[in-house]
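Asker: Quick one: this structure, given as structure tokens, is what I'll be asking you about.
Protein chains: 2
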Amino acid sequence: MSLIVQKYGGTSVGSPERIENVAGKAAAFRAQGHDVVVVVSAMSGETNRLVALAGAIDDQPDSRELDVLLSTGEQVTIALLAMALKKRGVAARSFTGGQVHIRTDSAHNKARIVDIDKQRVSAALAAGEVVVVAGFQGVDDSGNITTLGRGGSDTTAVALAAALSADECQIYTDVDGVYTTDPRVVPEARRLDRITFEEMLEMASLGSKVLQIRAVEFAGKYDVPLRVLSSFEEGEGTLITYEEEGMEQALISGIAFNRDEAKLTVLGVPDHPGVAHRILGPVGAANIEVDMIIQNVGADGTTDFTFTVHRNDFVRAREVLDSVAAELGARQVDGDDKIVKVSLVGVGMRSHAGIASRMFEILADEGINIRMISTSEIKVSVVIDEKYLELGVRALHTGFELAQEAGTNI
Amino acid sequence: MSLIVQKYGGTSVGSPERIENVAGKAAAFRAQGHDVVVVVSAMSGETNRLVALAGAIDDQPDSRELDVLLSTGEQVTIALLAMALKKRGVAARSFTGGQVHIRTDSAHNKARIVDIDKQRVSAALAAGEVVVVAGFQGVDDSGNITTLGRGGSDTTAVALAAALSADECQIYTDVDGVYTTDPRVVPEARRLDRITFEEMLEMASLGSKVLQIRAVEFAGKYDVPLRVLSSFEEGEGTLITYEEEGMEQALISGIAFNRDEAKLTVLGVPDHPGVAHRILGPVGAANIEVDMIIQNVGADGTTDFTFTVHRNDFVRAREVLDSVAAELGARQVDGDDKIVKVSLVGVGMRSHAGIASRMFEILADEGINIRMISTSEIKVSVVIDEKYLELGVRALHTGFELAQEAGTNI
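In order, the protein sequence lines correspond to chains A and B.
Residue numbers for the first sequence follow the numbering used here, beginning at 534 and rising by one.
Residue numbers for the second sequence follow the numbering used here, beginning at 534 and rising by one.
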């Protein structure tokens, strides 16, 4: 017998019928003798309905009151799910975030969990009840209702699993696991049985949208085994854990990509100390987040400075740069918002050289020009023209034999 | 400067526009320097929507979870109203029933308020905030969410007013006060400026639907001046207080009536001690509520026993009586579900004889046969055939000159 925390998102609880389906799944685990905690989101569409109500009152609604409003969404779901469990004869009890003391800071609409008093959940589990908890919400020290921001239900589930030392935290969603890459781009993409926290973090931050980054970070920090599964299909999903000794590890776990990129280059900047700061300082001050940064020193005592931003920030960033470039005596500002980032992710890179150069070779063979390169211990990212995205991802997926279970060796 | 508790029902907060209207009213009182506490119901239609969701899961949904579900209705309203106040620059803060510690017993769906910890509301008022409280809900000693049953928001408002020693509790609704009788039956019915708690209780329990009985009882018990006003029209409404010394009191305050009545008679019951109990015991055991009860002793050592029930219980009550009558050796069971109850209410009856006989005279002049009579210190009720309802009520309204401000003298 083990303790399992399950989380079901808005689509999975989007109608009374789907809530019945979730009750059936939770009841089946309970019938196997497991202790079960279920974390749920608002029914799909409900949060948008509530946001629209607030918008009808004020287009900048008060953030404290917005949390009071939005937190009702999950409260509806926990009540309905507990009803559905009890109808099946399964002892169950619902709890709001406040009722199980999910204590957060006071940053309304984007609060962070500070701690969870597990006493109430443990007592209900000890009484044989399936515990149904509202995701996405908590209370601050003054008893004000807070929300964790969209997607926060994943974080609630992981935080509960950590507090209760659960054996597994299962995230049910509308996909049946983590894939080697997006199956809409590469039809032969393969579901991974396992992936490490570090790889999952890279995949998530590089544009794979299966899990919230904060939830993965949290799970990694507290060593909570995380499993991504489908609410609608049977299957084992993908287990996210730490790398185990002696575990057969594929070189490459997957290929992530991100379409929302744009790059900016300041050309011919006189190369003095502090140039990077004088360029990026004003960009940061304008609240624009910078991703990849590259600086090449030229022969003539000037340097070319390139970085990427979210495509939505492209125009604003360019305006900032134009005035910065003038101050610095730079030659020119260039920009391109038709680029994408493609990344290979895999902990196997730690012990195998040559992966980056194999990647560049595969892309070169397809005639794809690489605009920028950035590497970390477990990933290699390249920026390429947007039009080459699908071609490049497919070539890499084939070249590294990701459709095969064993992965590739070089 | 005084402390005012205002309560707005579901129709009054039925849309964002109407919530803005409520915010305007509350803000106006605040601008006059009053401390203001606003209690709100769920937006009209919302409770029914939530009940339908529960019904889609289980036609007998768990009562604890139903309260978790239904309490979200008022929570939506408090958030929207607080937003609307803040948008107007009025300091405001919303509270759920749990947040202001409206402590109830654990009778889910029909809980009773045990006490209110006024500390949190007082602190917010002291900070200059308009306090917005969710009606209809509370928490029990274990922190479970409870609801007071439909209409419970009136009770919340009165209980808060009592706890805070408010100067007035204003109940905003879709009518502009308490009338001498239903204006749909008697167009010249007049709004009363004042009415006593006792009269209001009789009016409410006799079928006048302006206020919940429990709220009036509560207000009377804690001597909270209660005012019924319209959310949509200006006006002073009707003030409900204790009778004041020297106050010019009309003989009759109003005429209440109830269409949902049925009567049953057991004829020719051998008249032994305990007969009433042997007849009404099984009726009560079948969970049927009995209203008026009349027993006439006949000359032949038998008695006729008549009582009224809600029309919905008529068939079941008759079945119970048929078997009881056989056991008792009664001659026959008669029934009529086409009857109504009409009542005159007025504290003036205490000091004036002859009101009942004047009532019977007026009805006799219209050829209306009286089937049953029941009196209390401040009311006279008669049961008449349903077809005479409008005729009887109009004749009494005219006969007692209720359309005139001063009322009648006999």
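C-beta: ideal position from N, C-alpha, C; glycine also.
Is the shortest distance between the beta-carbon of A657(B) and the beta-carbons of chain A less than 7 angstroms?
Answerer: One-based indexing of the second sequence puts residue 657(B) at position 124. Output row for A657(B): interface = no.
Asker: Measuring only the C-alpha atoms, how far is H930(A) from V546(B)?
Answerer: The residue labelled residue 930(A) in the question sits at position 397 within the first sequence. The residue labelled residue 546(B) in the question sits at position 13 within the second sequence. The straight-line gap from Cα to Cα measures roughly 57 angstroms.
Asker: Could you confirm whether any beta carbon from chain B is found closer than 7 angstroms to the beta carbon of E579(A)?
Answerer: Your numbering for residue 579(A) matches position 46 in the first sequence. With 7 angstroms as the cut-off, E579(A) does not count as an interface residue toward chain B.
Asker: With respect to the alpha helix (DSSP H) encompassing A656(B), which residues constitute its N-terminal and C-terminal limits?
Answerer: The count along the second sequence starts at 1 and reaches residue 656(B) at position 123. 652-659 is the extent of the alpha helix (DSSP H) around A656(B).
Asker: What does the Cβ neighbour count give for I943(A), buried or exposed, with the cut at 16 atoms within 10 Å?
Answerer: As a first step, residue 943(A) must be located in the first sequence, where it is residue number 410. Low confidence applies to I943(A): its pLDDT is 38, below 50, so where it sits in the model is not reliable, and the reading given next is rough at best. Burial call: exposed.
Asker: For E598(A) and chain B, any beta-carbon pair shorter than 7 angstroms?
Answerer: If you number the first sequence from 1, residue 598(A) lands on position 65. E598(A) counts as touching chain B.
Asker: R621(A) and A560(A) - do their beta-carbons sit closer together than 7 angstroms?
Answerer: The residue you call residue 560(A) lines up with position 27 of the first sequence. The residue you call residue 621(A) lines up with position 88 of the first sequence. In this structure, R621(A) lies closer than 7 angstroms to A560(A) by Cβ.
Asker: For P549(A), decide whether its Cβ has a neighbour in chain B, counting only Cβ atoms nearer than 7 angstroms.
Answerer: Start at 1 with the first residue of the first sequence, and residue 549(A) comes out as number 16. At least one chain B Cβ lies under 7 angstroms of P549(A).
Asker: Under a Cβ-count criterion, where at least 16 other Cβ atoms within 10 Å of its own Cβ denotes burial, should R792(A) be classed as buried or exposed?
Answerer: One-based indexing of the first sequence puts residue 792(A) at position 259. With fewer than 16 other Cβ atoms within 10 Å, it is exposed.
Asker: Consult DSSP for K912(B) and reduce its assignment to one of helix, strand or coil.
Answerer: Position 379 of the second sequence, counting from 1, holds the residue named residue 912(B). Strand, per DSSP.
Asker: Among the residues of its own chain, which have a CB less than 7 angstroms from the CB of V647(B), if the five just before and after it don't count?
Answerer: The sequence position of residue 647(B) within the second sequence is 114, counting from 1. R636, T637, D638, listed in sequence order.
Asker: Under three-state DSSP, which class holds M576(A)?
Answerer: Position 43 of the first sequence, counted from the start, is the residue given in the question as residue 576(A). M576(A) falls in the coil class under three-state DSSP.
Asker: Going along the chain, which residues of its own chain have a beta-carbon closer than 6 angstroms to the beta-carbon of G630(A), five neighbours each way excluded?
Answerer: Here the question's residue 630(A) lines up with position 97 in the first sequence. Here the set comprises A667, Q670, G671.
Asker: Taking 8 angstroms as the threshold, find out whether the segment 861-877 of chain A comes into contact with the segment 791-808 of chain A through three or more Cβ pairs.
Answerer: Yes, they touch.
Asker: Can you give me the C-alpha to C-alpha distance between D600(A) and A640(A), rounded to a whole angstrom?
Answerer: The residue you call residue 600(A) lines up with position 67 of the first sequence. The residue you call residue 640(A) lines up with position 107 of the first sequence. Whole-angstrom Cα-Cα distance: 10 angstroms.
Asker: I'd like to know if L602(B) contacts chain A, where contact means its C-beta is closer than 7 angstroms to some C-beta of that chain.
Answerer: Along the second sequence, read from residue 1 onward, the residue named residue 602(B) stands at position 69. Chain A contact via Cβ: present.
Asker: In the DSSP assignment, find the beta strand (DSSP E) that holds H843(A) and state where it starts and stops.
Answerer: Counting from 1 along the first sequence, the entry for residue 843(A) is found at position 310. Per DSSP, H843(A) belongs to the beta strand (DSSP E) from 835-843.
Asker: So, for V584(A): in the same chain, excluding its five sequence neighbours on each side, which residues have a beta-carbon less than 7 angstroms away from its beta-carbon?
Answerer: For this step, residue 584(A) is matched to residue 51 along the first sequence. Contacts found: none.
Asker: From A737(A) to V718(A), what distance separates their C-alpha atoms?
Answerer: Working through the first sequence from its first residue, we reach residue 737(A) at position 204. Working through the first sequence from its first residue, we reach residue 718(A) at position 185. Looking at the two C-alpha atoms, the distance is approximately 17 angstroms.
Asker: Enumerate in chain order the residues of its own chain whose CB-to-CB distance from D898(A) is below 6 angstroms, with the five nearest sequence positions on each side excluded.
Answerer: Taking the first sequence and counting its residues from 1, one reaches residue 898(A) at position 365. Same-chain partners within the cutoff: there are none.
Asker: With a threshold of 6 angstroms on Cβ separation, who are the neighbours of L935(A) within its own chain once the five nearest residues in sequence on each side are excluded?
Answerer: If you number the first sequence from 1, residue 935(A) lands on position 402. So the qualifying residues of the chain are T713.
Asker: Do A696(A) and V538(A) have their C-beta atoms closer together than 7 angstroms?
Answerer: The sequence position of residue 696(A) within the first sequence is 163, counting from 1. The sequence position of residue 538(A) within the first sequence is 5, counting from 1. No.
Asker: Of all the options Q608(A), D595(A), V571(A), which has the alpha carbon lying nearest to the alpha carbon of E579(A)?
Answerer: Counting from one through the first sequence, the residue named residue 579(A) turns up at place 46. Comparing Cα-Cα distances from E579(A) to each of Q608(A), D595(A), V571(A), the minimum goes to Q608(A).
Asker: Does the Cβ of D948(B) have 16 or more other Cβ atoms within 10 Å, making it buried, or fewer, making it exposed?
Answerer: Because chain B spans 534 through 943 in this model, residue 948(B) falls outside it and cannot be assessed.
Asker: Could you compute how far the alpha carbon of Y775(A) sits from the alpha carbon of M733(A)?
Answerer: Here residue 775(A) refers to the residue found at position 242 of the first sequence. Here residue 733(A) refers to the residue found at position 200 of the first sequence. Distance between the alpha carbons of Y775(A) and M733(A) is about 11 angstroms.
Asker: For T841(B) and M825(B), which I take to be in contact (beta-carbon distance under 8 angstroms), what is that distance rounded to the nearest angstrom?
Answerer: Start at 1 with the first residue of the second sequence, and residue 841(B) comes out as number 308. Start at 1 with the first residue of the second sequence, and residue 825(B) comes out as number 292. So it is a contact: roughly 5 angstroms between Cβ atoms.
Asker: Can you give me the start and stop residues for the alpha helix (DSSP H) that E894(B) sits inside?
Answerer: Translated into positions along the second sequence, residue 894(B) becomes position 361. That run of the alpha helix (DSSP H) goes 888-898.
Asker: To be precise: take each residue of the segment 609-637 of chain A, compare its Cβ to all Cβ atoms of chain B, and keep it if any distance is under 7 angstroms. Which residues remain?
Answerer: Cβ contacts with chain B come from V609, I611, A612, L613, A615, M616, A617, K619, K620, S627, Q632.
Asker: Let me make sure I understand the geometry here. Which of A886(A), K871(A), M882(A), R883(A) has the alpha-carbon closest to that of K920(A)?
Answerer: Counting from one through the first sequence, the residue named residue 920(A) turns up at place 387. Nearest C-alpha to K920(A): K871(A).
Asker: Please report the straight-line C-alpha distance between V873(B) and A789(B), rounded to a whole angstrom.
Answerer: The count along the second sequence starts at 1 and reaches residue 873(B) at position 340. The count along the second sequence starts at 1 and reaches residue 789(B) at position 256. V873(B) and A789(B): Cα-Cα distance of roughly 11 angstroms.
Asker: Across which residues does DSSP place L797(A) in a beta bridge pair?
Answerer: By one-based count along the first sequence, residue 797(A) stands at place 264. According to DSSP, which records beta bridges pairwise, L797(A) is partnered with F840(A), G868(A).
Asker: With a cut-off of 8 angstroms, do at least 3 Cβ pairs link the segment 887-894 of chain A to the segment 848-862 of chain A?
Answerer: No, because fewer than three Cβ pairs between the segment 887-894 of chain A and the segment 848-862 of chain A fall closer than 8 angstroms, the two stretches do not touch.
Asker: Give me the residue from P806(A), R883(A), S876(A) with the minimum Cα distance to I903(A).
Answerer: By one-based count along the first sequence, residue 903(A) stands at place 370. Among P806(A), R883(A), S876(A), the Cα nearest to that of I903(A) is on S876(A).
Asker: List the whole-angstrom C-beta distance separating I611(B) from V665(B), where the pair is believed to meet the contact cut-off of C-beta under 8 angstroms.
Answerer: Residue numbering aside, residue 611(B) sits at position 78 when the second sequence is read from its first letter. Residue numbering aside, residue 665(B) sits at position 132 when the second sequence is read from its first letter. Going by Cβ atoms, the distance from I611(B) to V665(B) rounds to 5 angstroms, so yes, they are a contact pair.
Asker: Which of helix, strand or coil does DSSP assign to E766(B)?
Answerer: Position 233 of the second sequence, counting from 1, holds the residue named residue 766(B). Coil, per DSSP.
Asker: Near P912(A), what residues of its chain come up, given a Cβ to Cβ distance below 7 angstroms and the 5 sequence neighbours on each side ignored?
Answerer: Along the first sequence, read from residue 1 onward, the residue named residue 912(A) stands at position 379. Looking at the sequence shown, residue 912(A) is not Pro but Lys. Here the set comprises E735, S876, L877, V878.
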